[in-house]
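Participant: Top to bottom, those sequences are chains A and B.
Numbers 1 to 217, taken from my numbering, label the letters of the first sequence in order.
Numbers 1 to 245, taken from my numbering, label the letters of the second sequence in order.
From the three backbone atoms N, C-alpha and C, an ideal C-beta is built for every residue, glycine too.
Below you will find the structure I want to go over with you.
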Amino acid sequence: MLQRILTHSNKTDLVIDLAELISGFLLVGFLWVHMFFVASVLVGPQAFNQVPKFLEAYYLAQIGIPAVIVLILAHMVLAGRRIPNRLQEMKMIWKHSRLLMHYDTWTWVFQVITGVAIGILAAAHIWTVVSRWTINMSISAERVTQSPYFIFYIILLICGEYHVGIGLYRIGVKWGWFKRQKLSKVLDVITLAIIAMGIVSLFVIKSHAGVTGGGGQ
Amino acid sequence: MALRTLKLEIFRYNPNVSGDKPQMQEYILEEEPDMTLFMALTRLREEQDPSLIFDFSCRAAVCGSCAMLINGRPKLACKTMTKDLRKKITLMPLPVFKLIGDLSVDTGSWFRAMNKRLEAWVHTNKEFDPDAQEGRMDNDLALRIYESERCIECGCCVAGCGTAILREEFISSAGLNRLARFFIDPRDERSPDQYFEVIGNEYGTFGCVGLMACDDLCPMEIPLQQQLAFVRRKMLVAGLTGSGR
Ligand code: SF4
Ligand code: SF4
Ligand code: FES
């Protein structure tokens, strides 16, 4: 009790809550922009090849990628504090969710699961891209034609967008004036649209594999 | 709808009887027209098992004493019709609260502690003058205050909240809803700083992760989402501008 009184500060709790919110928002922004960059392939391979040049010209690659990595780590620590860490607590939440069969409680459980999954999958994704830096049609196409990678990307995409959609919904209901049902519908549509856009982009990238004249070289 | 034969699975455990073990016990009961779970349980106790422990008082969704987990969800037993449920019904006591026995829990101590922690009474330095006319209040404001006051302290929101289940000290939406009532009451002279000190933390407003079970489960349909968001925004402002630590 003594230690708690001495160390506890409400301001800190507030700042941590805000930091979680802001890191979350920034990552949402990043992810959506990222998916639009990927979708540039729908315009054409030239557009797609333009993206890394643009990123480098404005130092978005050199500064942006490390910044995103820091953001992800920060968000993992901040949001992760909510994850029940003792086995018994996990069991309690699982049992509670099973008993209650309540939609929003389940989405929270899935948000935790997708969050952990993203942590692992995104690390692998960043590593494969950065370790062979520069992005162009032929490298990307080659990457996604290896079939486990293709599925890997689809899983990462779905986890990421689901996590983002539910995260935004939760921020909205926690702070907001929105009607929950309406907010959730709007976000569902956005999430599905971006997942669809991402999957189509992946197929288009795949279709460019081995095709010369894709501007890849 | 045709009347059915109901199968009730009821949690049995009396912590005051040494050696008693928690178990589910099955009862068979013929459904009656317009039967509520209150009627069903009373019939069981009168005709089959006088040892069954459960709470009721008003039978009209006013007193809040009959909340229990009905097929896993916290609900008022007196307000729940058997015809809205499937034939097999499971009944368990509310989690979080202290178990008295079988379906009966002690919500009273929990709510009393919560009210003490929030000092849920009007704080004022004004001397009370019994001869003076009562102060006037805007009707809209009175209605807003009344909105939170409709809470019957049944505990459904607490029992449905994942955070409350994990963190014993979490003040829960019932507490935050109560606080909102004093926050908007002009007679209460506490400053935002003082409120922030009590609930501007992980055990209060920032502990809520927004699962919204409370909002979906409150039998009085108090708009708990709006109440929680309101308190959260007020506490954000108080925390950023105030002098609290
Ligand atoms: S919104 Fe969820 S976490 Fe917050 S008080 Fe309600 S049930 Fe608990
Ligand atoms: S807020 Fe609603 S669910 Fe919670 S105790 Fe009050 S009446 Fe019951
Ligand atoms: S008996 Fe009073 S609320 Fe059900």
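Does ligand 3 have a heavy atom nearer than 6 Å to the CB of B/C218?
Facilitator: no
Participant: How do the region 164-179 of chain A and the region 139-147 of chain A stand: do at least 3 beta-carbon pairs fall below 8 Å, yes or no?
Facilitator: no
Participant: Using beta carbons (cut-off 7 Å, strictly below), is A/G176 in contact with chain B?
Facilitator: yes
Participant: For B/T5, which three-state DSSP category applies?
Facilitator: If DSSP states are grouped into helix, strand and coil, B/T5 belongs with the strands.
Participant: Strictly below 9 Å CB to CB, what residues from chain A border B/G200?
Facilitator: N10, K11, D13 and L14
Participant: Using a C-beta cutoff of 7 Å, does A/D188 count as contacting chain B?
Facilitator: no
Participant: Check B/R112 in the structure and name its three-state DSSP category.
Facilitator: helix
Participant: At the 7 Å Cβ level, is B/Q225 part of the contact set with chain A, yes or no?
Facilitator: Output row for B/Q225: interface = yes.
Participant: Check for me: the alpha helix (DSSP H) holding B/E134 runs from which residue to which?
Facilitator: Segment: none, B/E134 is in no alpha helix (DSSP H) and carries neither H nor E.
Participant: Quick check: is the beta carbon of A/M101 nearer than 7 Å to any beta carbon in chain B?
Facilitator: yes
Participant: Could you check which residue in A/Q111, A/Y59, A/L71 and A/W133 has the C-alpha nearest to that of A/P84?
Facilitator: Considering only A/Q111, A/Y59, A/L71 and A/W133, the residue with the shortest C-alpha distance to A/P84 is A/Q111.
Participant: Under 6 Å: does the beta carbon of B/A229 sit that close to some heavy atom of ligand 2?
Facilitator: For ligand 2, not one heavy atom lies less than 6 Å from the Cβ of B/A229.
Participant: Check for me: the alpha helix (DSSP H) holding A/M92 runs from which residue to which?
Facilitator: Unbroken alpha helix (DSSP H) run through A/M92: L87 to L100.
Participant: Give a yes or no on whether the C-beta atoms belonging to B/R12 and B/D102 are separated by under 7 Å.
Facilitator: yes
Participant: Any C-beta of chain B sitting closer than 7 Å to the C-beta of A/H96?
Facilitator: yes
Participant: How far does the alpha helix (DSSP H) with A/E56 in it extend, from its first residue to its last?
Facilitator: A/E56: member of the alpha helix (DSSP H) spanning P45 to A57, first to last residue.
Participant: Using a Cβ cut-off of 7 Å (strictly closer), state whether B/F206 contacts chain C.
Facilitator: In the structure shown, chain C does not exist; the protein chains are A and B.
Participant: DSSP state of B/T163, grouped into three classes?
Facilitator: helix
Participant: Under a criterion of Cβ closer than 6 Å to any non-hydrogen atom of ligand 3, which residues qualify, in chain order?
Facilitator: B/F56, B/S57, B/C58, B/R59, B/A61, B/V62, B/C63, B/G64, B/S65, B/C66, B/L76 and B/C78
Participant: With 7 Å as the threshold, decide whether the Cβ of A/I93 is near any Cβ in chain B.
Facilitator: yes
Participant: Could you check whether the Cβ of A/W108 sits closer than 7 Å to any Cβ belonging to chain B?
Facilitator: yes
Participant: Using the C-alpha atoms, what's the distance from A/I190 back to A/S245?
Facilitator: Since the displayed chain A opens at 1 and closes at 217, residue 245 of chain A lies outside it and no answer follows.
Participant: Establish whether the CB of A/G215 and some CB of chain B are separated by less than 7 Å.
Facilitator: Interpretation of A/G215 is limited by its pLDDT of 42, a score under 50 that renders its predicted location unreliable; the figure taken from the coordinates is listed afterwards. Not one chain B Cβ lies under 7 Å of A/G215.
Participant: Closer than 7 Å, Cβ to Cβ, to anything on chain B: give me those residues from the region 107-138 of chain A, in chain order.
Facilitator: Answer set for the region 107-138 of chain A: W108.
Participant: Within its chain, find whatever has a CB closer than 7 Å to the CB of A/G215; leave out the 5 residues flanking it on each side and keep chain order.
Facilitator: Note that A/G215 scores 42 on pLDDT, short of 50, meaning its location in the model is unreliable; the coordinates nonetheless yield the value given after this. Closer than 7 Å at the Cβ level, and outside the excluded window around A/G215, lie P45, Q46, N49 and M137.
Participant: Measure the alpha-carbon distance for A/K91 versus B/F128 and round it to whole angstroms.
Facilitator: 53 Å
Participant: From the beta carbon of A/E305, is the nearest beta carbon of chain B less than 7 Å away?
Facilitator: Residue 305 of chain A is absent from the structure shown; chain A starts at 1 and stops at 217.
Participant: Just to check, is the beta-carbon of B/E147 closer than 6 Å to a non-hydrogen atom of ligand 2?
Facilitator: Relative to ligand 2, the beta carbon of B/E147 is positioned no closer than 6 Å to any heavy atom.
Participant: Measure the alpha-carbon distance for A/W32 versus A/W94 and round it to whole angstroms.
Facilitator: About 31 Å.
Participant: Between B/C156 and the rest of its own chain, which residues show a CB-CB distance below 7 Å, the 5 nearest in sequence each way excluded?
Facilitator: A67, P74, K75, L217, C218 and P219
Participant: Would you please verify whether the beta carbon of B/G72 is less than 7 Å from any beta carbon of chain A?
Facilitator: It does; some Cβ of chain A falls within 7 Å.
Participant: Grab me the residues of A/M197's own chain with a C-beta within less than 6 Å of its C-beta, minus the 5 sequence neighbours each way, in chain order.
Facilitator: Residues of the same chain with a CB within less than 6 Å of the CB of A/M197, apart from the 5 flanking positions on each side, are A39 in chain order.
Participant: If we require 3 or more residues per run, which beta strand (DSSP E) segments fall completely within the region 39-85 of chain B?
Facilitator: 67-70 and 73-76
Participant: Any heavy atom of ligand 2 within a distance shorter than 6 Å of the CB on B/E221?
Facilitator: Flag unset: Cβ of B/E221 not near ligand 2.
Participant: Return helix, strand or coil for A/K185, following the three-state DSSP convention.
Facilitator: helix
Participant: Less than 7 Å between the C-beta atoms of B/K79 and B/A61, yes or no?
Facilitator: yes
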